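Engineer:
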Amino acid sequence: MAPPIARRLRAALAGTCALATASAGLLVTAPTATAAPAPAVASSAGSAGAAAQYPNYAPTPPMGWNDWSYYQCGIDEKVILDNARALVSSGLAAKGYDTVTTDDCWMAHSRDASGTLVSDPVKFPHGMDYVGAQIHALGLKFGIYEDAGTATCGGYPGSLNHWQQDADLFAAWGVDYVKLDGCNVPDIAGQTSEQTYHDAYAAMSRAMLNTGRPMVYSVSAPAYFEGGADWRTVIGWSAQVGNLWREGADTALGQESGAAKWNAITYNYGYNVGLADLQSPGRWNDPDFLLAGDAGLTRDEIQSQMSLWSVMAAPLISSTDLSHLSADALAVLGNADVIAVDQDALGVQGRIVQQGSGYHVLSRPLANGDRAVALFNSSDSAQTITTTAAAAGLAHASSYRLQDLVTKNVTQSTGTISADVPPHATVLYRVRAGGTDQVQPATAITWKDVSTPAAPGTYQVSLTDLGSTGLSDTRLSVTAPQGWRVSPASADLKRVRPGASASATVTVTAPKAAPGTTVSTITATATYRAGAAGAGSVSGPLTLTTTVPYPGLAAAFNNVGVTKESDPAPGDFDSTGDSYSADALAKVGVSPGSTVTANGLSFTWPASAPGTPDNVSASGQAVTLTGQGSALAFLGAETGATSGPVTVTYTDGTTSTDTLGFPNWCCTPDNAYGAQTAITTDHRNTPGGPANYGISYKVFSNTVPLTPGKSVQSVTLPNAPAIHLFALSFKP
Ligand code: GLA
Numbered sequence: 057m058a059p060p061i062a063r064r065l066r067a068a069l070a071g072t073c074a075l076a077t078a079s080a081g082l083l084v085t086a087p088t089a090t091a092a093p094a095p096a097v098a099s100s101a102g103s104a105g106a107a108a109q110y111p112n113y114a115p116t117p118p119m120g121w122n123d124w125s126y127y128q129c130g131i132d133e134k135v136i137l138d139n140a141r142a143l144v145s146s147g148l149a150a151k152g153y154d155t156v157t158t159d160d161c162w163m164a165h166s167r168d169a170s171g172t173l174v175s176d177p178v179k180f181p182h183g184m185d186y187v188g189a190q191i192h193a194l195g196l197k198f199g200i201y202e203d204a205g206t207a208t209c210g211g212y213p214g215s216l217n218h219w220q221q222d223a224d225l226f227a228a229w230g231v232d233y234v235k236l237d238g239c240n241v242p243d244i245a246g247q248t249s250e251q252t253y254h255d256a257y258a259a260m261s262r263a264m265l266n267t268g269r270p271m272v273y274s275v276s277a278p279a280y281f282e283g284g285a286d287w288r289t290v291i292g293w294s295a296q297v298g299n300l301w302r303e304g305a306d307t308a309l310g311q312e313s314g315a316a317k318w319n320a321i322t323y324n325y326g327y328n329v330g331l332a333d334l335q336s337p338g339r340w341n342d343p344d345f346l347l348a349g350d351a352g353l354t355r356d357e358i359q360s361q362m363s364l365w366s367v368m369a370a371p372l373i374s375s376t377d378l379s380h381l382s383a384d385a386l387a388v389l390g391n392a393d394v395i396a397v398d399q400d401a402l403g404v405q406g407r408i409v410q411q412g413s414g415y416h417v418l419s420r421p422l423a424n425g426d427r428a429v430a431l432f433n434s435s436d437s438a439q440t441i442t443t444t445a446a447a448a449g450l451a452h453a454s455s456y457r458l459q460d461l462v463t464k465n466v467t468q469s470t471g472t473i474s475a476d477v478p479p480h481a482t483v484l485y486r487v488r489a490g491g492t493d494q495v496q497p498a499t500a501i502t503w504k505d506v507s508t509p510a511a512p513g514t515y516q517v518s519l520t521d522l523g524s525t526g527l528s529d530t531r532l533s534v535t536a537p538q539g540w541r542v543s544p545a546s547a548d549l550k551r552v553r554p555g556a557s558a559s560a561t562v563t564v565t566a567p568k569a570a571p572g573t574t575v576s577t578i579t580a581t582a583t584y585r586a587g588a589a590g591a592g593s594v595s596g597p598l599t600l601t602t603t604v605p606y607p608g609l610a611a612a613f614n615n616v617g618v619t620k621e622s623d624p625a626p627g628d629f630d631s632t633g634d635s636y637s638a639d640a641l642a643k644v645g646v647s648p649g650s651t652v653t654a655n656g657l658s659f660t661w662p663a664s665a666p667g668t669p670d671n672v673s674a675s676g677q678a679v680t681l682t683g684q685g686s687a688l689a690f691l692g693a694e695t696g697a698t699s700g701p702v703t704v705t706y707t708d709g710t711t712s713t714d715t716l717g718f719p720n721w722c723c724t725p726d727n728a729y730g731a732q733t734a735i736t737t738d739h740r741n742t743p744g745g746p747a748n749y750g751i752s753y754k755v756f757s758n759t760v761p762l763t764p765g766k767s768v769q770s771v772t773l774p775n776a777p778a779i780h781l782f783a784l785s786f787k788p
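Residue numbers for the sequence shown follow the numbering used here, so the first one is 57 and each next one is one higher.
(1) Could you pull out every residue in the same chain whose Cβ sits closer than 6 angstroms to the Cβ of Asp436, ignoring the five residues on either side in sequence?
(2) Would you tell me roughly how many angstroms separate the C-alpha atoms of His780 and Leu773, rounded to the nearest one?
(3) Let me know if Ala778 comes out buried or exposed under the rule of 16 or more other beta-carbons within 10 Å of its beta-carbon.
(4) From the DSSP output, in three-state form, read off Asn775 for me.
(5) State yes or no: is the C-beta of Asp159 nearer than 7 angstroms to some heavy atom of the ligand GLA?
(6) Once the 5 residues before and after Ala86 are set aside, which same chain residues still bring their CB inside 6 angstroms of it?
(7) Determine the closest residue to Ala423 out of Ala396, Thr680 and Pro111, with distance taken between C-alpha atoms.
(8) Please report the distance separating the alpha-carbon of Lys151 from that of Gly390.
(9) Between Phe786 and Leu688, how many whole angstroms is the CB-CB distance? I'm expecting something under 8 angstroms.
(10) Kindly examine the ligand GLA and report whether one of its heavy atoms sits closer than 7 angstroms to the Cβ of Asp670.
(11) Given that a residue counts as buried once 16 or more other Cβ atoms are within 10 Å of its Cβ, and exposed if not, what is Gly330?
(12) Got a sec: does the ligand GLA put a non-hydrogen atom nearer than 7 angstroms to the Cβ of Ala315?
(13) Would Ala369 be called buried (16 or more neighbouring beta carbons within 10 Å of its own) or exposed?
(14) Can we say the region 124-136 touches the region 292-311, given the rule of at least three CB pairs closer than 8 angstroms?
(15) Is Ala201 near the ligand GLA, with its Cβ less than 7 angstroms from a heavy atom?
(16) Grouping DSSP H, G and I as helix and E and B as strand, with all else coil, what is His192?
(17) Taking the CB atoms as reference points, tell me whether Asp670 and Val616 lie closer together than 8 angstroms.
(18) Expressed to the nearest angstrom, what Euclidean distance is found between the alpha-carbon atoms of Thr525 and Gly471?
(19) Can you name, in chain order, every residue of its own chain whose Cβ lies under 7 angstroms from the Cβ of Val552, other than the five neighbours on each side?
(20) Who are the near neighbours of Thr711 in its chain, counting only those whose CB is closer than 7 angstroms to its CB and skipping five residues on each side?
(21) So, are the CB atoms of Ala640 and Asp505 less than 8 angstroms apart?
(22) On the DSSP bridge list, what partners appear for Pro560?
(23) Taking DSSP's pairing of strands, which residues face Val704 in a bridge?
(24) Could you tell me which residues DSSP pairs with Gly799 in its beta bridges?
(25) Measure the alpha-carbon distance for Cys129 versus Gly539 and round it to whole angstroms.
(26) So, with DSSP's three-state summary, where would you put Pro87?
(27) Kindly indicate which three-state DSSP category Phe690 falls into: helix, strand or coil?
(28) Terminal residues of the continuous beta strand (DSSP E) containing Val429?
(29) Could you check if Gln109 is buried or exposed, using at least 16 other CB atoms within 10 Å of its CB as the buried criterion?
(30) Please state whether DSSP places Ile244 in a helix, a strand or coil.
(31) CB-CB under 7 angstroms to Asp232, same chain, minus the five flanking residues each way: which ones, in chain order?
(32) Closest to Thr573 by CA distance: which of Ser686, Thr602 and Val275 is it?
(33) Where in the region 104-153 do unbroken runs of the beta strand (DSSP E), each at least 3 residues long, occur, reported from the N-terminal end onward?
(34) Give me the Cα-Cα distance between Val297 and Lys179, rounded to the nearest whole angstrom.
(35) When you compare only the Cα positions, how much space is there between Trp661 and Pro118?
(36) Just grab the DSSP bridge partners of Pro213 for me.
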């Protein structure tokens, strides 16, 4: 069966570890979260007998640390042991993060004469058994990576047909946790890929069982079938042969952008959230690593991942540099109340109980009868998310106690569960029946745009009382970033009865913005007294996004795509430091400012010197472009496989929208998305210098139609950072 596109691209790019991961986190569209559940299937048809049920060595979701996302192949004994020590000294080990797993690239490139795996003598001079002993001495568990194929994803010896030999070695080394990846599993004539994977993973399961050593077994097989017809079948037998399973794409790597990491988190959430039926206590869906601690993610984003993973009862496996953990990351990873949700003895994966534009509400039953309720705002704007105790699965009661597991705020509600949730944030409540009038009533702020052409930027700001105690002495104040004007900045509100609202009308005026997109947060805070519960307050943000077109494409350049072979360092066309070679481009007549003529189109190549910004990684930028033609022409390439809408604004104020995509710069068919090859170079630059000779790194042209007879004023690019643009022009 065809592996999913991220895997296919990875295979096309494979060769070195760095290359093998160049496409990680590419996908932006998750399989539908609401797909009809299929029953778990215990064993694949026609495979070599049903595997024995592997013992439950992970009664709660595994927790710990793995090096892969942050370090990839850049590991050694010091990296592993420094992180193991940091796990202890940070206090995270005591909170349950107890397993330290060395991922790919720990091995030498071949087995010894007796077929035994050998550790890399330079990276691990004392051997992996020594690493394991050190990890054990810290009171932690020892995890190791292998692969069910002929070679690991990084190209080191795989376990195929060495099952018992490798399992015995791991047991002798004191391994407590084995992650068995699924790269390079060869096809077997007469068998489906699903059967072959089943037999391989079942063989390792038996071999591990034979050792007599309890080793948690992490199965990667389902990740190689993500979204395909056999996906759920593979997850079904993964739950038979192992304890947890990776079921989809790799999360982003530590060196990728914050946007790529957030994209990967929401993507992995998207496929995992629909699989609750396939998980049972001790048999865990694994949507891959926690990225808290990595550069580029906001506090709200890392908290969202932690809270969502916990509601989904997912393994909590950090993959970052723990020796330099920020206070925010430590607070997020170490939040005992959130960890308690993840590790709850009931072991039930939460489900979506309500969804709407840019939000999901998830609910999970907990062992003591409480419910964990997550309000996840996946959108780019703050919003008030509101559900009910009944929708969240709680039994009817006259009052509920809501504990916000991050702020620790406790409030009381008569049945509405609501929160003002910033963009990309998740509010996680533990909810139970109860709550007295001594407890602050739950309250919420909502912003409603009531602007008119004569009064732009006008909002009705409301304070709603969701508890059973009324609010008095209510005062609303609104704060905005420097340069904004708010009128009035504060106002007294009427008393608010239980279940009712009071509001004020506020006008906000933006300062003159620079070209580009500016996101501003305006915050309304209400203070009040709530009877016997005393003084209380609530804040609600409003996100305002203003876009001012760049004067031209060059003014929007935000990425270095071309470097000199003598200095590839500034290049980063693909988020892993690779770039086009200026020397290779010059050989085919392309140099700064030169004209590129191809496919009946003519473009001006960026005038930028190699090593300086020369292309736009498209993220919804608006660019001024004036002129006319039969179509709008783009010169660009992709480091992914995606497309997105381009909106053209005409001088008469009308718009037209069409889809733009390009082939991957090296590795997808040249005509993907209707593009045509414009420039072909014969190698690229990598951070280590010119490389990959013999592979064609291309730049393509593509067009979108224009409304006949109209003049273009500006163009808004797709929000798809894998799409890179070097030039725009009009097709005559
Ligand atoms: C695959 C896995 C990753 C990591 C790498 C190592 O991509 O999904 O988690 O183990 O292989 O090469």
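Each residue gets a CB set at the ideal place from its N, CA and C atoms; glycine is no exception.
Only a predicted model underlies this, so the values are computations on that prediction, with no experimental measurement involved.
Structural biologist: In brief:
(1) For this step, residue 436 is matched to residue 380 along the sequence shown. Around Asp436: Pro479.
(2) The count along the sequence shown starts at 1 and reaches residue 780 at position 724. The count along the sequence shown starts at 1 and reaches residue 773 at position 717. Distance between the alpha carbons of His780 and Leu773: 10 angstroms.
(3) Numbered from its first residue, the sequence shown carries residue 778 at position 722. Buried, because 16 or more other Cβ atoms sit within 10 Å of the Cβ of Ala778.
(4) Numbered from 1 along the sequence shown, position 719 holds the residue referred to as residue 775. Here Asn775 sits in strand by DSSP.
(5) Position 103 of the sequence shown, counted from the first residue, corresponds to residue 159. Checking the Cβ of Asp159 against the ligand GLA gives yes.
(6) What you label residue 86 is simply residue 30 of the sequence shown in a count that begins at 1. Residue placement at Ala86 cannot be trusted, given a pLDDT of 39 that sits under 50; what the coordinates show is reported in the next sentence. Only Tyr323, Gly326 and Tyr327 meet the Cβ criterion.
(7) Translated into positions along the sequence shown, residue 423 becomes position 367. Looking at the Cα atoms, Ala396 is the closest of the given residues.
(8) One-based indexing of the sequence shown puts residue 151 at position 95. One-based indexing of the sequence shown puts residue 390 at position 334. Taking the Cα positions, Lys151 is about 7 angstroms away from Gly390.
(9) Here residue 786 refers to the residue found at position 730 of the sequence shown. Here residue 688 refers to the residue found at position 632 of the sequence shown. Rounded to whole angstroms, the Cβ separation of Phe786 and Leu688 is 7 angstroms, and the two are in contact under 8 angstroms.
(10) By one-based count along the sequence shown, residue 670 stands at place 614. Incorrect: Asp670 has no Cβ contact closer than 7 angstroms to the ligand GLA.
(11) Here the question's residue 330 lines up with position 274 in the sequence shown. When all chains shown are included, Gly330 counts as buried.
(12) Along the sequence shown, read from residue 1 onward, the residue named residue 315 stands at position 259. Here the distance from the Cβ of Ala315 to the nearest heavy atom of the ligand GLA is not below 7 angstroms.
(13) Start at 1 with the first residue of the sequence shown, and residue 369 comes out as number 313. Buried.
(14) Counting Cβ pairs under 8 angstroms, three or more are found: they touch.
(15) Translated into positions along the sequence shown, residue 201 becomes position 145. Per the sequence shown, the amino acid found at residue 201 is Tyr instead of Ala. Yes, the beta carbon of Tyr201 sits closer than 7 angstroms to at least one heavy atom of the ligand GLA.
(16) In the sequence shown, the residue the question calls residue 192 occupies position 136. In the structure shown, His192 sits in a helix (DSSP, three-state: H, G or I).
(17) By 1-based counting over the sequence shown, the position of residue 670 is 614. By 1-based counting over the sequence shown, the position of residue 616 is 560. Yes.
(18) What you label residue 525 is simply residue 469 of the sequence shown in a count that begins at 1. What you label residue 471 is simply residue 415 of the sequence shown in a count that begins at 1. Between the alpha carbons of Thr525 and Gly471 lies a distance of about 13 angstroms.
(19) Indexing the sequence shown from 1 puts residue 552 at position 496. If we look at Val552 and ignore the five residues flanking it on each side, its Cβ neighbours are Leu519, Asp521, Gly526, Leu527, Thr530 and Ala558.
(20) Along the sequence shown, read from residue 1 onward, the residue named residue 711 stands at position 655. Only Thr703, Val704 and Thr705 meet the Cβ criterion.
(21) Start at 1 with the first residue of the sequence shown, and residue 640 comes out as number 584. Start at 1 with the first residue of the sequence shown, and residue 505 comes out as number 449. With contacts defined by Cβ atoms closer than 8 angstroms, Ala640 and Asp505 do not form a contacting pair.
(22) Taking the first residue of the sequence shown as position 1, residue 560 is located at position 504. Note that residue 560 is Ala in the sequence shown, not Pro. In DSSP, Ala560 forms a bridge with Val517.
(23) Sequence index remark: in the sequence shown, residue 704 carries index 648 (1-based). Paired residues: Ser712 and Val771.
(24) Given a span of 57 to 788 for the chain in the structure shown, any question on residue 799 remains unanswerable.
(25) The count along the sequence shown starts at 1 and reaches residue 129 at position 73. The count along the sequence shown starts at 1 and reaches residue 539 at position 483. Between the alpha carbons of Cys129 and Gly539 lies a distance of about 47 angstroms.
(26) By one-based count along the sequence shown, residue 87 stands at place 31. Here the model assigns Pro87 a pLDDT of 40, short of 50, so the residue's position is not dependable, and the following value carries that caveat. The three-state reading of DSSP puts Pro87 in coil, since its state is none of H, G, I, E or B.
(27) To locate residue 690, count along the sequence shown from 1; it is residue 634. If DSSP states are grouped into helix, strand and coil, Phe690 belongs with the strands.
(28) Translated into the one-based positions of the sequence shown, residue 429 becomes position 373. Where Val429 is concerned, the enclosing beta strand (DSSP E) stretches over Arg427 to Asn433.
(29) On the sequence shown, residue 109 is found 53 positions in, with the first residue counted as 1. Here Gln109 is exposed, its C-beta having fewer than 16 other C-beta atoms within 10 Å.
(30) Within the sequence shown, residue 244 is the residue found at index 188, counting from 1. Three-state result, Ile244: coil.
(31) Numbered from its first residue, the sequence shown carries residue 232 at position 176. Here the set comprises Thr155, Lys197, Phe198, Gly199, Met271 and Val272.
(32) As a first step, residue 573 must be located in the sequence shown, where it is residue number 517. Residue nearest to Thr573 within the set Ser686, Thr602 and Val275 is Thr602 (criterion: CA-CA distance).
(33) The qualifying runs are 119-122.
(34) To locate residue 297, count along the sequence shown from 1; it is residue 241. To locate residue 179, count along the sequence shown from 1; it is residue 123. The straight-line gap from Cα to Cα measures roughly 32 angstroms.
(35) Indexing the sequence shown from 1 puts residue 661 at position 605. Indexing the sequence shown from 1 puts residue 118 at position 62. Taking the straight line from one Cα to the other gives about 52 angstroms.
(36) Stepping through the sequence shown from its first residue, residue 213 is reached at position 157. Pro213 pairs with Ala207.
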